[in-house]
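To start, the structure itself, in structure tokens.
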Amino acid sequence: MNINTPVIYMAQIIPPIQFVFGTMGNIINIILFIRPNLRTNPCSIYCLAGSINNILFTCLFALTDYLSNAWNINLSLNTDLWCKLSVIIKYLPYSLLLWFPVLASIDRFLSSSRNVQLRQLSNVKIARRMIIGIYIILIMLNIHLPIFARSSPSDVGYYCTIFSDEYYIFNSFFTSILYCVLPLILMCIFGILIIHNVHNIHNRVVPNLNNVQNTRLRSQDRQMIRMLLFQILITILLSLPYMASFIYIIVRLFYTDYNFSWSEYLIYYCFIGVSKYLYHTNFAIGFYIYTLASVKYRAELKHCLHFGFNTVVAKLK
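Numbering (my numbering), first residue to last: 89 to 405.
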């Protein structure tokens, strides 16, 4: 059996399923999160930004990765300039994949706090600034990627590669920390803090709101918190194997001679393939998590579908 065969089969079968369900789910997310009942919630703003980023990830990274790995179709990268530009364009949405859930978890921690000053930091204006800020920060942190990327010819065209072994080791460590390890740690920390705050949320008093408004606000907060905690749990479970594969290869690069036996290489190659597709599933599952975890989200979805159905029927009459 060819050592690449299992991974090639996975590369041909799994991504199209992710593309179809992920694209459909993210488009529905965008439609729902811009509705008046949801767009006033800062957590919804982060979810909206995350859904838009997931669409960009699908088009700019996952699709080109799929064409290359599954069918050896490399888009023309026959100049170093285009190669460098494509690297930063592709890897920006990839690097942001887990950071929007992190920002949403920070917002839910703030909104569920008993400290009035912390709760005031949970608002739409700050959410928009944080989204712009995280884009700027990650562009700056990824600015080194184009420096070492070079266009290289192959049997199926041109592809971008890194010729420096030292930089490859550094980049493997850097991306594993920035894209996976750090976001997962922050999600765990703020997830625990949110759970702690939830135990005290019934004692929270919101100034200048009557009891009915206060009850409704707490209900909406609880639904968003439940939705986010569910997403954090699933994200951690899907990302841990990918993080483990990064850590393993870094340890081998630093502390061993990096010589795999044939069986070790086959196991690792298959594991990294499976873990990568599990990690990439994060861009596809947001809609399904929100639908399962939030009554408010389901109500908005039903209302939107009902409105769309009535509009179509009216047009056909």
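Idealized CB from N, CA, C, for every residue including glycine.
- Note on geometry: alpha-carbon atoms of Ile-277 and His-284 lie some 11 angstroms from one another.
- DSSP, reduced to helix, strand and coil, places Thr-249 within a strand of the structure shown.
- Secondary structure within the segment 203 to 282: the alpha helix (DSSP H) runs of 4 or more consecutive residues, fully enclosed, are 204 to 208, 212 to 229, 233 to 236, 253 to 263 (chain order).
- For the pair Ile-313 and Ile-118, the Cα-to-Cα distance works out to about 19 angstroms.
- Residue environment: Gly-113 is assigned as buried (16 or more neighbouring CB atoms within 10 Å of its CB, all protein chains considered).
- A Cβ-Cβ separation of about 5 angstroms places Cys-171 in contact with Ala-237 under the 8 angstroms criterion.
- According to the DSSP assignment, Leu-148 belongs to no alpha helix (DSSP H), since it is labelled neither H nor E.
- In this structure the segment 140 to 150 does not touch the segment 195 to 214; the number of beta carbon pairs closer than 8 angstroms is below three.
- When the beta-carbon positions are compared, Val-175 and Pro-234 come within less than 8 angstroms of each other.
- Per DSSP, the unbroken alpha helix (DSSP H) holding Ser-183 starts and ends at 168 to 183.
- Restricting attention to Glu-352, Glu-388, Tyr-330, the CA atom closest to the CA of Gly-361 is found in Tyr-330.
- Of the candidates Leu-266, Cys-248, Phe-261, Leu-266 places its Cα closest to the Cα of Met-228.
- Put simply, of Cys-131, Val-108, Phe-261, Asn-129 the residue whose alpha carbon is nearest the alpha carbon of Ala-150 is Val-108.
- Here Leu-186 carries a coil assignment [DSSP, helix/strand/coil].
- A check of alpha carbon separations from Leu-191 across Leu-126, Ser-264, Leu-272 identifies Leu-272 as the nearest.
- Taking Tyr-246 as reference, the option from Thr-152, Ile-337, Asp-253, Leu-274 with the minimal CA-CA separation is Thr-152.
- Counting along the chain, the unbroken alpha helix (DSSP H) around Ser-351 starts and ends at 350 to 368.
- With respect to Ser-260, Ile-338 sits close: the two C-beta atoms are nearer than 8 angstroms.
- Per DSSP, reduced to three states, the secondary structure at Lys-390 is helical.
- Only buried fits Pro-189, as 16 or more other CB atoms lie within 10 angstroms of its CB.
- With fewer than 16 other Cβ atoms from the protein chains shown falling within 10 Å of its own Cβ, Asp-253 counts as exposed.
- Leu-186 and Cys-268 have their C-alpha atoms roughly 7 angstroms apart.
- If you draw a straight line from the Cα of Cys-358 to the Cα of Asn-370, it is about 20 angstroms long.
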